[in-house]
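With UniProt numbering as the guide, the letters of the sequence shown map in order to residues 1 to 433.
From the three backbone atoms N, C-alpha and C, an ideal C-beta is built for every residue, glycine too.
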Amino acid sequence: MTKSLLDADWLRKLTLYKKIFVGFSGGLDSTVLLHSLAIHPSLHNQLTAVHIHHGISPNAVAWQQQCQQFCKEYKIPFITQQVEFERHANIEDQARKARYQAFANLLTREDCLLLGHHLDDQAETLLLQLCRGAGIDGLAAMQAIKTFAQGDLLRPFLQYSRKILEDYALDQQLKWIDDESNLNTDFSRNYLRHQVLPLLEQRWPAVINNLVRTTHHCQQAQANLDDLAKIDCPVLNQCSMMLPLSQLKSLSHARLSNVLRVWLKVNKIKLPNTLIFNRVISEVIEAKEDAKPQVVWKEGCVRRYRQVLYLSNNEPPVFFQSQRWISFPQTLIINGLIRLQVKKTNKGLVLPDSAQIEIRFRQGGELFHWHGQTKHLKKLFQEWHIPPWQRDSIPLLYVNRQFAAVIGYAISDLFYGETDLNSYQLSMEPNSP
């Protein structure tokens, strides 16, 4: 029987997933990975090979056909994802982003993606990150297991050199694709692979293993820094887009930067460069009391309101329009972003017969009857400490054209009652894909 490169621990981990997607370019690494999985019959019902068609090489169609034939031989489901991206100077990075986005679109919470990165790839990644001036996160390079999109990303071959994978492929008489672009030293990774690492190996024969050992040290240091951030700021133990400044005031600049780094990471927002981190501290955290500060970068935005930091994706503003809630009390999803939910209770929103229910959003000048008083909605938003930039996206419930509820916050006195399970409680939450 063929000896697999996947040990018992990896095989046990893989049984935890509903679907196992395998990135399959047809190159040496992914061919060995897919073969190592295919020889385990217990995994067959979980496996799907995913081939990304970049459309860059004139051989792309032939490569796809070769991958398809391999999967046919081993009875593995095969899908192709064709990606499009801008073909400008940094085509290497653009192709990578498009490839990972295609993978991400496939995963659910019960799935994983397997990639065939190996020891030599890890050493190259460390050198690339060093050349970019990366911090500990970058120098930790690739992790064997990490969360990715809705599922997990696994790299079971990081302990093996390319030579071991090649020996396996030759022993099993596997055919693989040699992408001609891998010889193009205009690409940074190829330059390191073909020009830099061979020179380093001449001087230090164990350099690849030593570089990978450094990534392990950095991964441990990174884990320690993550733990320190959660000690300094306990709110980081939960995923929250808000960070109270009261927990940050006494921290040194370095520890404050560390807290911000972990805060962005747990919220899955790509870390900005050091300059942006310093701006968040000087322009937002240390801004005057009456300021309305914010720092925006490509992937994110940090604001401050009432001594709380707010984190958000840097996305174009969404303009919400009024809509009828014909299916009430069934769940309503607005613009694919907000999920409104209803449950019956013994106190809450009470509806008249033949109620026409509508969701609107703030236009300005709204009056709301609440706790025996009539107040402007703007004033209530201030009392409820709702940041100004969030106010226009809070759903307002109208019943027969009367303002009945601010969903997630309050029900008008005109529509509030305590009955025997004939009233409703309304809630809202982000709509997860």
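Can you name the start and end residues of the beta strand (DSSP E) that Gln373 belongs to? Position 373 of the sequence shown, counted from the first residue, corresponds to residue 373. Run containing Gln373: Gln373 to His376, per the beta strand (DSSP E) assignment.
Could you have a look at Lys265 and say whether DSSP puts it in helix, strand or coil? By one-based count along the sequence shown, residue 265 stands at place 265. Correct three-state label for Lys265: helix.
Give me the DSSP bridge partner(s) of Glu429. Walking along the sequence shown from the start, residue 429 turns up at place 429. DSSP, once it has assigned bridges, lists Arg339 as partnering Glu429.
Please give me, in chain order, every unbroken run of the alpha helix (DSSP H) with length at least 4 that falls completely inside the UniProt domain "Lysidine-tRNA(Ile) synthetase C-terminal" (357–428). Here the runs fully enclosed are 377–383.
Am I right that Arg360 and Tyr398 are in contact with their C-beta atoms under 8 Å? What's the rounded C-beta distance? The residue you call residue 360 lines up with position 360 of the sequence shown. The residue you call residue 398 lines up with position 398 of the sequence shown. With 8 Å as the limit, Arg360 and Tyr398 qualify as a contact, their Cβ atoms being about 6 Å apart.
I need the boundaries of the alpha helix (DSSP H) containing Val302, first residue and last residue. Looking up residue 302 in the sequence shown gives position 302. No alpha helix (DSSP H) holds Val302; the beta strand (DSSP E) holding it covers Gly300 to Tyr305.
Unbroken alpha helix (DSSP H) run spanning Asp152, endpoints: Residue 152 sits at position 152 when you count from the first residue of the sequence shown. First-last for Asp152: Gly151 to Leu154, but that is the beta strand (DSSP E), not the alpha helix (DSSP H).
If I measure Cβ to Cβ from Thr419 and keep anything under 8 Å in the same chain, skipping five residues before and after, which residues do I get? To locate residue 419, count along the sequence shown from 1; it is residue 419. For Thr419, where only same-chain residues beyond five positions count, the Cβ hits under 8 Å are Asn346, Lys347 and Val350.
Assess, as a yes-or-no matter, whether the segment 33–44 is touched by the segment 127–135 under the definition of 3 or more beta carbon pairs within less than 8 Å. Under the three-pair Cβ rule at 8 Å, the segment 127–135 does not count as touching the segment 33–44.
Since I believe Asp29 is in contact with Phe157 (beta carbons under 8 Å), could you give me their beta-carbon distance rounded to a whole number of angstroms? Translated into the one-based positions of the sequence shown, residue 157 becomes position 157. Translated into the one-based positions of the sequence shown, residue 29 becomes position 29. The distance from the Cβ of Phe157 to that of Asp29 is about 7 Å, consistent with a contact at the 8 Å cut-off.
Report yes if the CB atom of Leu170 is closer than 8 Å to the CB atom of Phe21, and no otherwise. Counting from 1 along the sequence shown, the entry for residue 170 is found at position 170. Counting from 1 along the sequence shown, the entry for residue 21 is found at position 21. No, the pair does not count as a contact, with Cβ atoms beyond the cut-off.
Taking all protein chains shown into account, decide if Val318 is buried (16 or more other Cβ within 10 angstroms of its Cβ) or exposed. Taking the first residue of the sequence shown as position 1, residue 318 is located at position 318. Around the CB of Val318, fewer than 16 other CB atoms lie within 10 Å, so the residue is classed as exposed.
Does the distance from the C-beta atom of Leu165 to that of His118 stay below 8 Å? Translated into positions along the sequence shown, residue 165 becomes position 165. Translated into positions along the sequence shown, residue 118 becomes position 118. Contact flag set, yes.
Residue 443 and Arg99: beta carbons closer than 8 Å? The requested residue 443 does not occur in the structure, where the chain is confined to residues 1 to 433.
Only counting the same chain, and skipping five residues up and downstream in sequence, which positions put a Cβ closer than 8 Å to that of Ser322? To locate residue 322, count along the sequence shown from 1; it is residue 322. For Ser322, where only same-chain residues beyond five positions count, the Cβ hits under 8 Å are Glu358, Ile359, Arg360 and Phe361.
Please state the DSSP three-state secondary structure of Ser327. Locating residue 327 in the sequence shown gives position 327, counting from the first residue. Ser327 falls in the coil class under three-state DSSP.
Give the straight-line distance between the Cα atoms of Pro387 and Ser312, rounded to the nearest whole angstrom. Here residue 387 refers to the residue found at position 387 of the sequence shown. Here residue 312 refers to the residue found at position 312 of the sequence shown. Rounded to whole angstroms, Pro387 to Ser312 spans 12 Å at the Cα level.
Taking the C-alpha atoms as reference points, what is the distance between Asn184 and Met142? Residue 184 sits at position 184 when you count from the first residue of the sequence shown. Residue 142 sits at position 142 when you count from the first residue of the sequence shown. The straight-line gap separating the alpha-carbon atoms of Asn184 and Met142 is approximately 23 Å.
Ranges of the alpha helix (DSSP H) found wholly within the segment 208–275, counting only runs of at least 4: Entirely contained in the segment 208–275, the alpha helix (DSSP H) runs reaching 4 residues are, in chain order, 253–266.
Straight-line CA distance for Val207 to Leu200? Stepping through the sequence shown from its first residue, residue 207 is reached at position 207. Stepping through the sequence shown from its first residue, residue 200 is reached at position 200. Between the alpha carbons of Val207 and Leu200 lies a distance of about 7 Å.
Starting from the C-beta of Asn237, find all residues in its chain whose C-beta is less than 8 Å away, skip the five residues before and the five after it, and write them out in chain order. Within the sequence shown, residue 237 is the residue found at index 237, counting from 1. Within its own chain, the residues whose Cβ lies closer than 8 Å to the Cβ of Asn237, once the five positions on either side in sequence are excluded, are Lys230, listed in chain order.
Can the beta-carbon of Val342 be found closer than 8 Å to that of Tyr424? Within the sequence shown, numbered from 1, the residue matching residue 342 stands at position 342. Within the sequence shown, numbered from 1, the residue matching residue 424 stands at position 424. Yes. Within cutoff.
Give me the Cα-Cα distance between Asn182 and Phe381, rounded to the nearest whole angstrom. Reading the sequence shown from its first residue, position 182 is the one you call residue 182. Reading the sequence shown from its first residue, position 381 is the one you call residue 381. In a straight line, the C-alpha of Asn182 is about 57 Å away from that of Phe381.
Delimiting residues of the beta strand (DSSP E) encompassing Gly138: As a working mapping, residue 138 is identified with position 138 in the sequence shown. Counted as a single uninterrupted DSSP element, the stretch harbouring Gly138 is not any beta strand (DSSP E) but the alpha helix (DSSP H) occupying residues Ile136 to Leu139.
Residue interval of the beta strand (DSSP E) (run including Ser312): Within the sequence shown, residue 312 is the residue found at index 312, counting from 1. From DSSP, the beta strand (DSSP E) with Ser312 extends over Val308 to Asn313.
What are the boundary residues of the beta strand (DSSP E) that includes Lys163? Here residue 163 corresponds to residue number 163 of the sequence shown, with the count starting at 1. Unbroken run through Lys163 is the alpha helix (DSSP H), Arg162 to Asp171; no beta strand (DSSP E).
Rounded straight-line distance, which links the Cα of Leu47 to that of Thr31: Residue 31 sits at position 31 when you count from the first residue of the sequence shown. Residue 47 sits at position 47 when you count from the first residue of the sequence shown. If I take the Cα positions, the gap works out to 14 Å.
Who are the near neighbours of Gln307 in its chain, counting only those whose CB is closer than 6 Å to its CB and skipping five residues on each side? As a working mapping, residue 307 is identified with position 307 in the sequence shown. Cβ neighbours of Gln307 beyond the five flanking positions: Leu245.
Determine the closest residue to Tyr305 out of Met242, Ile177, Leu192 and Leu34, with distance taken between C-alpha atoms. Counting from one through the sequence shown, the residue named residue 305 turns up at place 305. Taking each of Met242, Ile177, Leu192 and Leu34 in turn and checking the Cα distance to Tyr305, the smallest one comes out for Met242.
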